[in-house]
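First comes the structure, then the notes that go with it.
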Amino acid sequence: MPTFVQILDFIGTFAFAISGIRLASAKRFDWFGAYVVGFATAVGGGTLRDLLLDVTPGWMTDPIYLICTALALVFVAVFGKLLIHLNNTFFIFDSIGLALFTVVGVGKSIALGYPFWVAIIMGSMTGAAGGVIRDVFINEIPLIFRKEIYAMACVVGGLAYWICTVTGLGSYVSQITCGIVVFLTRILAVKYKICLPILSGKEEN
Amino acid sequence: MPTFVQILDFIGTFAFAISGIRLASAKRFDWFGAYVVGFATAVGGGTLRDLLLDVTPGWMTDPIYLICTALALVFVAVFGKLLIHLNNTFFIFDSIGLALFTVVGVGKSIALGYPFWVAIIMGSMTGAAGGVIRDVFINEIPLIFRKEIYAMACVVGGLAYWICTVTGLGSYVSQITCGIVVFLTRILAVKYKICLPILSGKEEN
Amino acid sequence: MPTFVQILDFIGTFAFAISGIRLASAKRFDWFGAYVVGFATAVGGGTLRDLLLDVTPGWMTDPIYLICTALALVFVAVFGKLLIHLNNTFFIFDSIGLALFTVVGVGKSIALGYPFWVAIIMGSMTGAAGGVIRDVFINEIPLIFRKEIYAMACVVGGLAYWICTVTGLGSYVSQITCGIVVFLTRILAVKYKICLPILSGKEEN
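Chains as they are written, first to last, in the working numbering: chain A, 425 to 629; chain B, 425 to 629; chain C, 425 to 629.
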């Protein structure tokens with residue numbers, strides 16, 4: 425029986441893989457290329473985190489991420505046209521993935537004995553770096569640097585985790601709070617079109 | 425005396441470095457930039473693999489890869505114009521490199537105790553990730569995601585390795601079979617213009 | 425009390441972060457994206473080096489790099505327009521950073537027992553890889569492969585370090601010589617517009 429967290433992890437991986445596969449398909453990648461981009465989107469952030477923390481990347485210990493990406497590929501191939509009408513659903517899934525990946529990244533770093541400021545960076549990396557790798561592969565400027573509140577939501581959630589922990593709340597409460605804060609920050613920022621300001625500079629290259 | 429595998433490794437490194445140096449030169453990189461791109465193309469896949477497997481990258485233990493890339497640079501500088509007529513020769517060398525790098529990647533992962541599904545990914549990464557790094561450096565969409573059977577040949581070869589092993593054939597036979605399968609898959613796919621299908625989706629960005 | 429090297433390290437980090445933040449702002453990244461690019465420019469080279477040397481990246485042990493990047497962000501936001509007139513000042517700072525990062529990279533590798541040819545590569549990576557990561561993030565062809573003497577100055581400085589060491593000069597003298605050689609190579613190359621030649625090839629893609 426999979427636990428609740430495993431189910432959320434599966435949903436998050438699926439949603440992230442879908443986002444990579446869709447963007448790769450739009451660039452006319454073949455299905456193998458789309459699979460690789462989808463997989464890199466789903467596990468890239470966690471892999472970078474695990475390289476920095478010097479532990480074996482999670483996807484190398486469990487084939488579930490490969491299988492999950494394969495299901496995402498089949499899903500896009502079969503329901504490709506319908507997906508456009510499901511954008512809102514995927515936005516919710518993607519935000520769930522972002523929230524969960526952040527919680528996992530922060531929790532893993534804390535468990536390994538890193539200070540909180542490192543853990544918050546690792547949580548944000550887990551959530552957001554996959555999307556950066558995806559955008560580098562499809563040769564676009566990474567979306568998260570320019571549009572919407574994305575990685576910033578991870579940072580806010582990580583700070584909430586930290587506040588919960590220093591005020592003596594247990595790790596269970598801290599994790600749930602962190603996840604909800606990431607999720608709500610992302611949802612509300614998109615709903616109310618809240619953007620971060622751009623630095624004014626018009627510099628030469 | 426270098427062994428047979430070392431000679432093949434040298435040929436593969438040389439061919440991969442040439443491909444990086446040629447594409448970098450076409451983008452008007454200076455010779456130092458071309459050297460760096462050639463080196464990254466040759467050793468990038470193995471380096472990523474070794475980072476994930478948490479072992480010291482091979483090129484840090486033996487300067488042969490640096491020397492081999494330097495020879496490739498001299499070769500391109502001297503025979504630049506002739507190279508266009510040697511495309512078929514380089515295609516063969518490149519395919520030998522792909523086959524050998526895959527065998528090395530799978531074998532190294534198995535020797536470190538990883539399961540076969542990880543080893544096949546590592547073999548494919550060893551063969552194909554260098555080309556992805558090259559294309560990111562020269563700011564192009566990675567070729568292997570869009571054109572021809574490339575990384576897919578590594579996966580097919582890795583599966584052949586696995587089938588040989590589970591049917592009880594020794595590691596020597598498995599490795600040779602794997603290499604031949606990668607080589608033939610690549611050669612035949614290009615000869616008969618076999619491509620993987622593209623997912624149908626025409627998604628918005 | 426910070427040591428002299430720590431002050432130089434701070435100046436180098438600040439200058440590298442500024443360069444990332446300015447280029448990101450010019451591409452209309454929001455301030456969070458600009459901060460991430462600035463941070464990656466400043467610590468990216470050292471992080472890659474530390475991943476390859478299998479040690480914990482320096483920025484994960486001391487929040488000074490995060491703080492330094494934050495100061496650089498405030499600086500660009502406040503003095504954005506003035507910065508154009510300070511290009512020469514930043515060029516000097518950037519060259520100091522390049523020199524210092526190279527010395528740190530070579531010294532750290534030697535201290536870990538690697539041979540000199542590995543140490544020179546690690547020194548050059550520490551100095552130059554951050555700029556490559558920055559240019560990949562903003563989706564430009566890495567500048568250092570095409571323009572001016574940049575990474576090449578690190579290599580020259582690394583060779584000077586090696587010559588000092590083999591001729592029996594102490595590590596202190598070797599480090600200062602290395603830093604000065606990197607700094608002067610860069611400054612003189614730019615002042616006298618010395619470029620490396622381009623390989624002649626006009627290859628097809």
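Yeah, the Cβ is synthetic: ideal placement off N, Cα and C, and Gly gets one too.
Inter-residue CB distance, residue i and residue j (contact presumed, cutoff 8 Å)
i      : j      : result
B/T601 : B/C588 : 5 Å
B/T437 : B/A466 : 5 Å
A/D478 : C/T480 : 7 Å
B/I562 : C/I562 : About 15 Å separates the two Cβ atoms, so there is no contact after all.
C/A439 : C/F517 : 4 Å
A/G594 : A/V527 : With a Cβ gap of about 14 Å, A/G594 and A/V527 do not count as contacting.
Neighbouring residues, chain E, relative to residue i (Cβ below 7 Å)
i      : result
C/W586 : Here the protein chains are A, B and C, and chain E is not one of them.
Candidates the options, of which the one nearest residue i by Cα
i      : options                        : result
B/V530 : B/S598, B/D518, B/G592, B/F569 : B/S598
B/I491 : B/D559, B/G468, B/F463, B/M576 : B/F463
C/G469 : C/L447, C/A441, C/H509, C/R570 : C/A441
C/L447 : C/G504, C/K615, C/V590, C/Y489 : C/G504
B/I520 : B/Y616, B/L510, B/I431, B/T427 : B/I431
B/Y489 : C/K615, C/M549, C/I545         : C/I545
A/A407 : A/K615, A/I611, A/H509         : Outside the displayed range of chain A (425 to 629) lies residue 407 of chain A, so it cannot be described from this structure.
C/I568 : B/T427, B/V461, B/F428         : B/V461
C/V590 : C/I534, C/K615, C/F607         : C/I534
A/P487 : B/S548, B/Y596, B/L510, B/Y538 : B/Y538
A/Y585 : A/H509, A/I445, A/G547         : A/G547
A/K373 : A/V502, A/L507, A/F515         : The requested residue 373 of chain A is not part of the displayed model; chain A covers only 425 to 629.
A/L507 : A/G592, A/T427, A/I445         : A/I445
Span of the alpha helix (DSSP H), counted from its first residue to its last, around residue i
i      : result
A/L497 : 488–507
B/R558 : 540–561
B/T427 : No alpha helix (DSSP H) holds B/T427; DSSP gives it neither H nor E.
B/G457 : 455–477
A/L608 : 595–615
B/I618 : From DSSP, B/I618 is part of no alpha helix (DSSP H); its letter is neither H nor E.
C/K451 : C/K451 -> no alpha helix (DSSP H), and no H or E assigned at all.
B/W586 : 575–590
B/L522 : 511–535
Residue i and residue j closer than 8 Å at C-beta
i      : j      : result
C/G582 : C/A543 : yes
B/W669 : C/P621 : What the structure shows of chain B is the stretch from 425 to 629, and residue 669 of chain B is not part of that stretch, so it cannot be assessed.
C/V579 : C/V605 : no
A/I618 : A/I557 : no
C/A577 : C/A613 : yes
A/R570 : B/R570 : no
A/V429 : C/V560 : no
A/L623 : C/S449 : yes
For this session: Please determine if the region 536–553 of chain A and the region 493–513 of chain A are in contact, where contact requires at least 3 C-beta pairs separated by less than 8 Å.
Result: no
For this session: Would you be able to state if there are at least three C-beta pairs under 8 Å between the region 431–446 of chain C and the region 468–484 of chain A?
Result: no
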